[in-house]
Amino acid sequence: MKRIFSEFMKALYNNSFVFTTEIEPKKTVNPEGIINLARKFKNHVIACNITDNPRAHAYMNSIIASYIIQREVGLETICHMTVRDRNRLALISDVLGACALGIKNILTITGDHTTMGDNPNAMPVYDIDSTQFIYMLRKMVDEGIDLAGNKIDGEVRIHIGAVGNPNANPFEPEILKIKRKINAGVEFIQTQIVFDVERAKRFIEELKAPPPFILIGIFPCNSYRMAEFIDKKVPGISVPNEYKEVLKKANENKEKIDESNIEYFSEMIKELKKTTRASGIHIMTIKYEDIVGKIIDSVKGIC
Amino acid sequence: MIKLIITKQKPNLLKNLEKYNKIFIIGCGNCATICKTGGENEVKALAEKLGDKVIGNIVIESPCNLKFLKKDLKPFMYSNAEVIVALCCGVGVQSIVEFTNKEVIPGLDTLFLGEVGIKGRFYERCRACGTCILYETGGICPISRCAKKLLNGPCGGMVNEKCEVGNYSKDCAWILIYKRLKELGRDFEKIIEVHNWQNKPGELILGD
Numbered sequence: 001m002k003r004i005f006s007e008f009m010k011a012l013y014n015n016s017f018v019f020t021t022e023i024e025p026k027k028t029v030n031p032e033g034i035i036n037l038a039r040k041f042k043n044h045v046i047a048c049n050i051t052d053n054p055r056a057h058a059y060m061n062s063i064i065a066s067y068i069i070q071r072e073v074g075l076e077t078i079c080h081m082t083v084r085d086r087n088r089l090a091l092i093s094d095v096l097g098a099c100a101l102g103i104k105n106i107l108t109i110t111g112d113h114t115t116m117g118d119n120p121n122a123m124p125v126y127d128i129d130s131t132q133f134i135y136m137l138r139k140m141v142d143e144g145i146d147l148a149g150n151k152i153d154g155e156v157r158i159h160i161g162a163v164g165n166p167n168a169n170p171f172e173p174e175i176l177k178i179k180r181k182i183n184a185g186v187e188f189i190q191t192q193i194v195f196d197v198e199r200a201k202r203f204i205e206e207l208k209a210p211p212p213f214i215l216i217g218i219f220p221c222n223s224y225r226m227a228e229f230i231d232k233k234v235p236g237i238s239v240p241n242e243y244k245e246v247l248k249k250a251n252e253n254k255e256k257i258d259e260s261n262i263e264y265f266s267e268m269i270k271e272l273k274k275t276t277r278a279s280g281i282h283i284m285t286i287k288y289e290d291i292v293g294k295i296i297d298s299v300k301g302i303c
Numbered sequence: 304m305i306k307l308i309i310t311k312q313k314p315n316l317l318k319n320l321e322k323y324n325k326i327f328i329i330g331c332g333n334c335a336t337i338c339k340t341g342g343e344n345e346v347k348a349l350a351e352k353l354g355d356k357v358i359g360n361i362v363i364e365s366p367c368n369l370k371f372l373k374k375d376l377k378p379f380m381y382s383n384a385e386v387i388v389a390l391c392c393g394v395g396v397q398s399i400v401e402f403t404n405k406e407v408i409p410g411l412d413t414l415f416l417g418e419v420g421i422k423g424r425f426y427e428r429c430r431a432c433g434t435c436i437l438y439e440t441g442g443i444c445p446i447s448r449c450a451k452k453l454l455n456g457p458c459g460g461m462v463n464e465k466c467e468v469g470n471y472s473k474d475c476a477w478i479l480i481y482k483r484l485k486e487l488g489r490d491f492e493k494i495i496e497v498h499n500w501q502n503k504p505g506e507l508i509l510g511d
């Protein structure tokens with residue numbers, strides 16, 4: 001009998017088509033920003049990811065930010081945890097602390113290399129990798145022991161997620177790596193942003209047995225400029241011309257940009273819902289938070 | 304194929320030597336000579352830059368070997384020096400400290416254990432981590448060749464077979480491993496376990 005600890009996982013097991021989004025704590029001591037964002041998202045998503053030093057930038061701790069959001073807003077979180085900044089001792093102690101604070105979902109992440117970040121001379125840790133982190137979490141959750149077999153007092157009630165990249169080129173080693181993660185016991189996958197529905201489909205198809213829950217990542221752009229930037233400057237991600245064209249035509253008009261995004265992504269979501277076994281959608285944004293609820297509302301009744 | 308300890312010249316060395324007036328320079332006839340960081344030419348070049356401040360210089364066959372240090376260094380008047388500049392790896396610097404009991408300034412940064420390729424290129428191949436897993440990875444070392452020391456496949460920083468570290472100019476070690484395992488007809492399923500980093504203070508582990 002599968003033990004379920006979180007509302008997010010309960011919805012996945014009930015075969016609901018779920019929506020999640022993402023909040024990035026910044027280099028600040030003030031929690032108001034993340035609390036306000038979480039309030040915006042609360043009625044639209046089942047859970048919200050909280051990033052952990054994204055792009056190797058040192059920001060507010062993701063566990064603390066997750067706790068604050070759950071306590072202040074009542075929105076469940078999926079707490080990111082990278083192996084870049086912690087050795088196995090720190091990972092174990094952070095997981096125990098996260099449990100004590102009522103965090104139920106952890107997304108295991110390798111983490112961008114420190115050289116990409118805002119403290120580029122920092123020592124990157126990577127004592128264990130993300131696959132081994134999943135293996136360790138399974139031991140903590142299922143057997144009540146840590147990596148070395150030491151007994152833990154009380155139950156570790158955590159669901160374990162991983163990231164996947166449908167844009168990976170070459171594609172096969174990415175799939176093989178995710179299969180190692182599935183063998184290690186990962187329960188859900190949230191993907192890197194995808195614009196091309198065929199790429200998303202191919203990814204889901206490759207991971208059909210044994211199947212983890214898969215949430216496809218999307219990224220509505222708030223302008224043509226942003227779409228161009230992602231297409232040209234973000235390595236490995238291409239933005240289809242037809243999407244860029246509609247944004248171009250919207251010509252910086254906020255309403256039209258919104259409309260274009262709602263149309264493009266609701267079509268994509270409907271297609272994924274209809275033709276694949278995707279469990280949901282993970283919506284990421286930059287300075288465009290209000291689109292999250294609008295896109296989700298647009299597919300209400302269908303999803 | 305030779306493998307050796309790869310070094311590069313330290314930035315700001317001359318500036319750090321400004322306050323000294325009696326400097327002795329020691330070069331390395333082995334690895335640092337091949338790296339062109341501490342051979343005859345480099346020792347001579349540094350001595351020229353420092354001019355009158357240099358009271359002597361020598362290239363020792365292997366400064367990391369106490370036997371050579373004893374044999375080659377003894378006849379020299381390094382004992383008048385305020386400071387010794389060592390153009391060799393960190394091992395050599397420490398041997399010189401032990402042998403001379405002088406203040407020694409490293410002139411080089413020690414980078415890695417390297418393979419010597421053609422055209423004087425050096426490739427990082429081993430970090431002497433203490434637990435060799437080369438069999439499991441088809442003979443390609445992810446500890447030294449993957450920037451994140453990952454053991455179970457490429458990360459999200461791999462784009463078109465290249466690594467995010469170094470602005471996508473270097474091969475992703477895990478793509479090399481994936482291809483090699485495929486070539487060998489071996490599967491990719493088994494998870495490689497957590498690494499044993501052999502944590503202990505550095506000590507002599509071989510020899511009588």
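Sequences listed follow chains R and P, in order. Residues in the first sequence are numbered consecutively from 1, following my numbering. Residues in the second sequence are numbered consecutively from 304, following my numbering. Just so you know, even glycine gets a beta-carbon here, dropped at the ideal spot from N, CA and C.
Here's a check: name, in chain order, each residue in its chain whose Cβ is nearer than 6 Å to the Cβ of residue i, leaving out the five neighbours to either side.
i                 : result
Pro314 of chain P : none
Buried or exposed, going by whether 16 or more other CB atoms sit within 10 Å of the CB of residue i?
i                 : result
Ser130 of chain R : buried
Phe203 of chain R : buried
Cys450 of chain P : Just to set this straight, residue 450 of chain P is Ala in the shown sequence, not Cys. Counting Cβ neighbours within 10 Å, Ala450 of chain P comes out buried, since at least 16 surround it.
Asp297 of chain R : exposed
Asn87 of chain R  : exposed
Arg180 of chain R : buried
Cys221 of chain R : buried
Met284 of chain R : buried
Glu345 of chain P : buried
Thr310 of chain P : buried
Asn105 of chain R : buried
Val386 of chain P : buried
Phe265 of chain R : buried
Pro235 of chain R : exposed
Cys79 of chain R  : buried
Does residue i get closer than 9 Å to chain R when you measure Cβ to Cβ?
i                 : result
Lys451 of chain P : yes
Met380 of chain P : no
Phe491 of chain P : yes
Glu496 of chain P : yes
Val462 of chain P : yes
Cys435 of chain P : no
Leu414 of chain P : no
Pro504 of chain P : no
Asn455 of chain P : yes
Ile399 of chain P : no
Gly410 of chain P : no
Ile443 of chain P : no
Glu439 of chain P : no
Cys458 of chain P : yes
Can you give the beta carbon distance from residue i to residue j, rounded, assuming they're within the 8 Å contact cut?
i                 : j                 : result
Val156 of chain R : Thr191 of chain R : Not a contact, Cβ separation roughly 26 Å.
Pro173 of chain R : Ile478 of chain P : 6 Å
Ile411 of chain P : Arg428 of chain P : Position check: residue 411 of chain P holds Leu in this sequence, whereas Ile was assumed. In fact, because the Cβ distance is near 19 Å, the residues do not count as touching under 8 Å.
Asn183 of chain R : Glu406 of chain P : Not quite, the Cβ-Cβ distance comes to about 55 Å (not below 8 Å), so this is no contact.
So, at 7 Å on beta carbons, what are the nonlocal neighbours of residue i in its own chain, with the 5 sequence-adjacent residues on each side left out?
i                 : result
Tyr471 of chain P : Val462 and Lys465
Cys475 of chain P : Pro457, Met461, Glu464, Lys465 and Cys466
Lys270 of chain R : Val299 and Ile302
Glu496 of chain P : none
Leu317 of chain P : Lys352
Thr82 of chain R  : Asp52, Asn53, Ile109, Thr110 and Gly111
Asn119 of chain R : Ala58
Ser238 of chain R : Asp231
Asn383 of chain P : Lys325 and Ile358
Tyr426 of chain P : Gly417, Glu418 and Gly420
Could you tell me whether the Cβ of residue i comes closer than 9 Å to any Cβ of chain P?
i                 : result
His57 of chain R  : no
Asp112 of chain R : yes
Asn119 of chain R : no
Arg199 of chain R : no
Pro211 of chain R : no
Ile286 of chain R : no
Within the same chain, show all residues whose beta-carbon is closer than 8 Å to that of residue i, passing over the 5 residues directly before and after it, in chain order.
i                 : result
Met304 of chain P : Bear in mind that the predicted position of Met304 of chain P carries a pLDDT of just 45, short of 50, making it too unreliable to give a figure here.
Lys320 of chain P : Note on identity: in this sequence residue 320 of chain P is Leu, with Lys being the wrong assignment. The residues are Ile326, Leu353, Lys356, Val386, Val388 and Ile408.
Lys10 of chain R  : Ile4
Ala350 of chain P : Ile328, Val357 and Asn360
Leu487 of chain P : Gly441
Three CB pairs or more closer than 8 Å across the stretch 142–158 of chain R and the stretch 84–95 of chain R: Judged by Cβ distances under 8 Å, the stretch 142–158 of chain R makes contact with the stretch 84–95 of chain R, as three or more pairs qualify.
Sufficient close CB pairs (3 or more, under 8 Å) joining the stretch 36–50 of chain R to the stretch 15–28 of chain R: Contact between the stretch 36–50 of chain R and the stretch 15–28 of chain R is present: three or more C-beta pairs spanning the two stretches fall below 8 Å.
Stretch-stretch touch, CB-based, cutoff 8 Å, three pairs: the stretch 114–134 of chain R with the stretch 450–459 of chain P: Taking a contact to require three or more Cβ pairs closer than 8 Å, the stretch 114–134 of chain R and the stretch 450–459 of chain P qualify as touching.
Sufficient close CB pairs (3 or more, under 8 Å) joining the stretch 378–398 of chain P to the stretch 343–363 of chain P: Between the stretch 378–398 of chain P and the stretch 343–363 of chain P there are three or more inter-stretch CB-CB distances shorter than 8 Å, so the stretches are counted as touching.
Contact between the stretch 108–126 of chain R and the stretch 68–76 of chain R (3+ Cβ pairs under 8 Å): They do not touch, by the three-pair rule.
Cβ contact (3+ pairs, closer than 8 Å) linking the stretch 204–214 of chain R and the stretch 182–191 of chain R: Counting C-beta pairs closer than 8 Å gives three or more between the stretch 204–214 of chain R and the stretch 182–191 of chain R, which meets the contact rule.
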